[in-house]
Amino acid sequence: MLALVCLALSLFSNSASAITAEVARKCHVLTAAQFPPRLPGNPAAGSAKGSGREQIDYYNKCVANGGKPDDGAAPK
């Protein structure tokens, strides 16, 4: 019985797939373009538009869409 539970858990844990480096790079560049730094060359100064949470959400949506940005996700 324990073996069946372990087997079932291992099958379910393998269902999540990792993103590719290409998609991650593309989404990173798109996120940086949508959320430019407040002071050019100083990313620690914060973003000129949007919050950190909005940046993370934008990046995650981009990754979920396979590297295609969600047109309505950018802040104004």
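Under mature numbering (1 follows the signal peptide of the UniProt record, and there is no 0), the residues of the sequence shown are numbered -18 to -1, 1 to 58, in order.
Note that the Cβ used here is the ideal one computed from N, Cα and C, for glycine as well.
Check	Outcome
Check G48 in the structure and name its three-state DSSP category.	coil
Do you know whose CA, among N47, A27, G34, lies nearest I1's CA?	N47
Quick one: is G23 buried, meaning 16 or more other Cβ sit within 10 Å of its Cβ, or exposed?	exposed
Can you tell me whether G28 is buried or exposed? The criterion is at least 16 other CB atoms within 10 Å of its CB, across all chains shown.	exposed
Identify the residues that DSSP records as bridge partners of S29: which are they?	P19
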